[in-house]
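Start counting the sequence shown at 1368; every next residue gets the next number (my numbering). Glycine residues also receive a C-beta, built at the ideal position from the N, C-alpha and C atoms. Being a predicted model, the structure only gives us computed values, none of them experimental. Presented below is the structure to which this report refers.
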Amino acid sequence: MESAVAGVVRSLGASLKNLGLYPTTHPLVRTPVEKCHAELAPFFTDRSELVLTVSDGTLVLEGVPIFQLTSSLELFMARLGTIGLPAVIFERGVSVEDIELFVRFLHETREQGVPIPEIKSRLARWGVTHIRVTATEDEENDDFTLAREIYGSALNVVVRALKDVRNGKTPDGAESDRVVREMSGMVSRNRDAMLALTLIKNFDEYTYNHSVNVSVLSLAVGETLGLSESERIGIGVAGLLHDVGKTQLALDLIRKPGTLTVDEFEEIKKHPEEGFAILGKMTHIQDSTRAVVREHHMRFDRTGYPRPDPEHRMNAHSYVIAVADCYDALTTMRSYQKARTPQQALEIMRKLAGKSLDPDLVELMERSLGVYPVGTMVRLNTMEVAVVTGTPDGGKGEPKVAILFDRSGNPLPAPQGVDLKEPDPSSGRPRRMILGTVNPLMHPPVSMSGILQAVSF
Ligand SMILES: [Fe+2]
Ligand SMILES: [Fe+2]
C-alpha cells in the first residue's frame, strides 16, 4: 500500500517538475501522468475516491504519510501549499486528461492562497471532472455558493448575448462556451446544487432565466445519457441560446399575456430560424448546436415548426432541448399560466410523450430529476410541510428534506433538515415519510429564496 501510494504522488511530482522544463506534449510530462493514472486504477476497485492531503508539512494519501520526499515531491507539495489546497480528491473514473490538466493547473497558477470556490470554478472551467479540491468542511455550502456564482455568470452571458443581437452585434460564442463548461462541471460535481437554482423563476426576466434553466436541465439529462464532454457542451450551449432568435421579435409580442392571434403566432414561429442565422455568425459554436437551435420546436412527431422536410433527419439532441424547454416553461408562472409543481409538470409531459416529446427522454428526465425533484414541496405523515433539498444518494431511497411548516401550518423560524431514515424509537419504523406533494402556492410565506436557503443547507 505504502509504495503504491508513494508511486502515485511521485508520478504527479515528476510530471509537474518536468512541466517547468518541457512543453506539455513532451513525453517526460505525459508519461508520468499516464503512469500516475495506471497507478491510481487499483485503488478504485474497492473505493470510489482517494484523498490526498497536506497535513503538518507531510503529504498524506488515503491516510498513509509519505516521508521519503524526493525533490519533485517537495515541489509538488510546495505548489499545493502556495495555491492553498489542503485536500485533493481523485474520484473513480479520473482520466489521463483530468490528471494532465490538474498538473498544468498547479504549474500555471501563480497566485498565492487562491480561495477554494475560485479554485473549483477554475478547475471546472478547465474541464477537470474527476479531481475535486476541498476545504475539508462546509463543502456542500461551498458548492452551493459556487453554483450560485456560476448561475449568475451564465445569466450575464445570456443578457449580454441578447443585448448584442438587439444592437446588431454578433455575440461572443467563446463566452457561452466557457460558462457552459462551468455549468457542466458543476452539474457533474453537485447536480442538486445546480438544479436547485433552476427554481429561480423571475417573471420579468423570464427569457434570461429560462435560457439558463434549459441549459442546466439539458446538461443534467446529457450527463444521465452519458454523452461525451463535447456533446454535453454542445447541448448546453444550445440550451443557453435556443431562444436567442426571439430578440428579433417585438418585445411586447414576447411578453404578451394570453393567447396569440394567428398572425402573432406566425411571427413567433420565426425564432428558431432567426436563432440558426445568429449562431451561424458566432465563433465557438458546433454545427450540431446550430442545428438544434433551428429544430427545437419541430417536435418529436415532426408536426412543429419550422415544418421539417420529409427526408430531414433531426438531431437527437433537439429532443433533449425540447424536453428541458417544456419542463422549465411548465414550472414557471407566467401571466397566463399558473406554475406547476415539478410533479404536475412531469405528469403533463408524460401525456405529451410520443407526440411533441420523445417518450424515452421524458422517462429519462423523470429519472434524472428523481421522484421528488429538488425544490418540490411535500407533506409528511406528521402533517409537517417540507421542501426536497437533495435527491437520494445513488438515486434510490429517500430524498433529503427540510421542514418549513410545523403540523399546524406555522412557518418554522429556519428550515430544519431532517433525515427521513431516522427511526421512531418505539416502532423502529421511519418516523417521517412523504405523503405527497403540496402546491407551493398554498404556502405564500415561503419565497423562492426561503426554499433556496433550505436547499443550501
Ligand atoms: Fe423556443
Ligand atoms: Fe424556450
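Within 10 angstroms of the Cβ of SER1794, are there 16 or more other Cβ atoms? Answer buried if so, exposed if not. If you number the sequence shown from 1, residue 1794 lands on position 427. Residue burial is scored here from C-beta neighbours: SER1794 has fewer than 16 other C-beta atoms within 10 angstroms and is therefore classed as exposed.
Identify, in the order they occur along the chain, each residue of the same chain with its Cβ nearer than 8 Å to the Cβ of THR1537, setting aside the five sequence neighbours on each side. To locate residue 1537, count along the sequence shown from 1; it is residue 170. In its chain, beyond the 5 residues on either side, ASP1531, ILE1645, LYS1648 and MET1649 have a beta carbon closer than 8 Å to the beta carbon of THR1537.
Neighbourhood of ASP1505 by C-beta, 7 Å cutoff - its chain only, sequence neighbours within 5 removed: One-based indexing of the sequence shown puts residue 1505 at position 138. Model confidence at ASP1505 stands at a pLDDT of 47, short of 50, so the residue's coordinates are unreliable and nothing is read from them.
Looking only at its chain, what residues have a beta carbon closer than 6 Å to the beta carbon of PHE1469, apart from the 5 residues adjacent to it on each side? Looking up residue 1469 in the sequence shown gives position 102. Apart from sequence neighbours up to five positions away, the residues of its chain that approach PHE1469 with a beta-carbon distance below 6 Å are VAL1495 and ILE1498, ordered along the chain.
Per DSSP, what kind of secondary structure is LEU1566 in: helix, strand or coil? Indexing the sequence shown from 1 puts residue 1566 at position 199. If DSSP states are grouped into helix, strand and coil, LEU1566 belongs with coil.
Grouping DSSP H, G and I as helix and E and B as strand, with all else coil, what is VAL1481? One-based indexing of the sequence shown puts residue 1481 at position 114. In the structure shown, the three-state DSSP call for VAL1481 is coil.
Please check the pair ILE1450 and SER1488, which I expect to be a contact at CB under 8 Å, by giving their CB distance rounded to whole angstroms. Taking the first residue of the sequence shown as position 1, residue 1450 is located at position 83. Taking the first residue of the sequence shown as position 1, residue 1488 is located at position 121. That pair is no contact at about 14 Å.
Roughly how many whole angstroms lie between the Cα atoms of THR1670 and LYS1613? Along the sequence shown, one-based indexing puts residue 1670 at 303. Along the sequence shown, one-based indexing puts residue 1613 at 246. Cα to Cα, THR1670 sits roughly 21 Å from LYS1613.
Hey, how far is the Cα of ASP1791 from the Cα of ARG1798? Here residue 1791 refers to the residue found at position 424 of the sequence shown. Here residue 1798 refers to the residue found at position 431 of the sequence shown. ASP1791 and ARG1798: Cα-Cα distance of roughly 5 Å.
Tell me the DSSP secondary structure of ARG1459 in three-state form. Stepping through the sequence shown from its first residue, residue 1459 is reached at position 92. ARG1459 sits in coil when the DSSP states are folded into three classes, being neither helix nor strand.
In angstroms, rounded to a whole number, what distance separates the CA positions of GLU1458 and ASP1465? On the sequence shown, residue 1458 is found 91 positions in, with the first residue counted as 1. On the sequence shown, residue 1465 is found 98 positions in, with the first residue counted as 1. CA-CA distance, GLU1458 to ASP1465, rounds to 10 Å.
ASP1610 Cβ short of 8 Å to ligand 1 heavy atom set: The count along the sequence shown starts at 1 and reaches residue 1610 at position 243. For ligand 1, at least one heavy atom lies less than 8 Å from the Cβ of ASP1610.
Coarse secondary structure for LEU1616, derived from DSSP in three states: The sequence position of residue 1616 within the sequence shown is 249, counting from 1. Here LEU1616 carries a coil assignment [DSSP, helix/strand/coil].
Is it buried or exposed, GLN1653, if we count other Cβ atoms within 10 angstroms and call 16 or more buried? As a position in the sequence shown, residue 1653 is number 286, starting the count at 1. Answer is buried; the Cβ neighbour count reaches 16.
Cβ of ALA1454 within 9 Å of Cβ of LEU1407? Counted from its first residue, the sequence shown places residue 1454 at position 87. Counted from its first residue, the sequence shown places residue 1407 at position 40. No, the pair does not count as a contact, with Cβ atoms beyond the cut-off.
For GLN1452 versus VAL1376, is the C-beta spacing smaller than 9 Å? Locating residue 1452 in the sequence shown gives position 85, counting from the first residue. Locating residue 1376 in the sequence shown gives position 9, counting from the first residue. Just to set this straight, residue 1452 is Leu in the shown sequence, not Gln. Contact: no.
What residue from LYS1384, THR1391 and ALA1405 has the CA that sits closest to VAL1372's CA? Here residue 1372 refers to the residue found at position 5 when the sequence shown is read from its first residue. Nearest option by C-alpha distance: ALA1405.
Across which residues does DSSP place PRO1848 in a beta bridge pair? Because the chain in this structure spans residues 1368 to 1824, residue 1848 falls outside the shown range and cannot be described.
Cβ of ASP1544 within 8 Å of any heavy atom in ligand 1? The residue labelled residue 1544 in the question sits at position 177 within the sequence shown. Distances between the C-beta of ASP1544 and the heavy atoms of ligand 1 are all 8 Å or more.
Does the Cβ of ASP1692 lie closer than 8 Å to at least one heavy atom of ligand 1? Within the sequence shown, the letter at position 325 stands for residue 1692. True, at least one ligand heavy atom lies under 8 Å from that Cβ.
Where ASN1580 falls, given that 16 or more other Cβ within 10 Å makes a residue buried: Locating residue 1580 in the sequence shown gives position 213, where the first residue counts as 1. Its Cβ being crowded by 16 or more others within 10 Å, ASN1580 is buried.
Three-state secondary structure (DSSP) of PRO1726: Within the sequence shown, residue 1726 is the residue found at index 359, counting from 1. Three-state DSSP puts PRO1726 in a helix.
To which residues of the same chain is VAL1805 closer than 7 Å at the C-beta, ignoring the five residues directly before and after it? On the sequence shown, residue 1805 is found 438 positions in, with the first residue counted as 1. Once the five neighbours on either side are set aside, the close Cβ partners of VAL1805 are MET1744, VAL1745, ARG1746 and VAL1752.
By Cβ distance below 6 Å, which residues in the same chain neighbour SER1655 in space, the five residues on each side in sequence not counted? Position 288 of the sequence shown, counting from 1, holds the residue named residue 1655. Contacts found: GLY1601 and ASN1682.
In whole angstroms, what separates the C-alpha of ARG1414 from that of LEU1428? Walking along the sequence shown from the start, residue 1414 turns up at place 47. Walking along the sequence shown from the start, residue 1428 turns up at place 61. The alpha-carbon atoms of ARG1414 and LEU1428 are separated by roughly 13 Å.
Residue from GLU1631, PHE1472 and VAL1754 whose Cα sits closest to the Cα of GLN1783: Counting from one through the sequence shown, the residue named residue 1783 turns up at place 416. Of the listed residues, the one whose Cα sits closest to GLN1783 is VAL1754.
Do the stretch 1716 to 1726 and the stretch 1630 to 1637 meet, that is, are 3 or more Cβ pairs less than 8 Å apart? Segment contact: the stretch 1716 to 1726 against the stretch 1630 to 1637, fewer than three CB-CB distances shorter than 8 Å; contact not assigned.
Skipping 5 residues on each side, what residues in its chain have a beta carbon closer than 7 Å to that of HIS1663? Position 296 of the sequence shown, counted from the start, is the residue given in the question as residue 1663. In its chain, beyond the 5 residues on either side, HIS1609, PRO1639, SER1685, ILE1688, ALA1689 and ASP1692 have a beta carbon closer than 7 Å to the beta carbon of HIS1663.
To which residues of the same chain is ASP1668 closer than 8 Å at the C-beta, ignoring the five residues directly before and after it? Position 301 of the sequence shown, counted from the start, is the residue given in the question as residue 1668. If we look at ASP1668 and ignore the five residues flanking it on each side, its Cβ neighbours are GLY1721, LYS1722 and SER1723.
Does the Cβ of LYS1637 lie closer than 8 Å to at least one heavy atom of ligand 1? Here residue 1637 corresponds to residue number 270 of the sequence shown, with the count starting at 1. No heavy atom of ligand 1 is found nearer than 8 Å to the CB of LYS1637.
Going by CA-CA distance only, name the one from LEU1586, GLY1480 and VAL1546 that's closest to ASP1559. The residue labelled residue 1559 in the question sits at position 192 within the sequence shown. Residue LEU1586 is the option with its Cα nearest to ASP1559.
Could you give the DSSP three-state label for SER1595: helix, strand or coil? Position 228 of the sequence shown holds residue 1595. SER1595 falls in the coil class under three-state DSSP.
Tell me which same chain residues have a C-beta within less than 7 Å of the C-beta of LEU1309, skipping the five on either side of it? There is no way to answer for residue 1309, as the model of the chain reaches only from 1368 to 1824.
Name the residue from ASP1773, ASP1786 and ASN1777 whose alpha carbon lies nearest to the alpha carbon of LYS1767. Locating residue 1767 in the sequence shown gives position 400, where the first residue counts as 1. By alpha-carbon distance to LYS1767, the top candidate from ASP1773, ASP1786 and ASN1777 is ASP1786.
DSSP three-state call for THR1398: helix, strand or coil? Locating residue 1398 in the sequence shown gives position 31, counting from the first residue. Assignment of THR1398 by DSSP, reduced to helix, strand and coil, places it in the helix class.
Compute the distance between the beta-carbons of THR1699 and HIS1577, then report whether it is under 9 Å. Along the sequence shown, read from residue 1 onward, the residue named residue 1699 stands at position 332. Along the sequence shown, read from residue 1 onward, the residue named residue 1577 stands at position 210. HIS1577 sits close to THR1699, with the two beta carbons spaced by under 9 Å.
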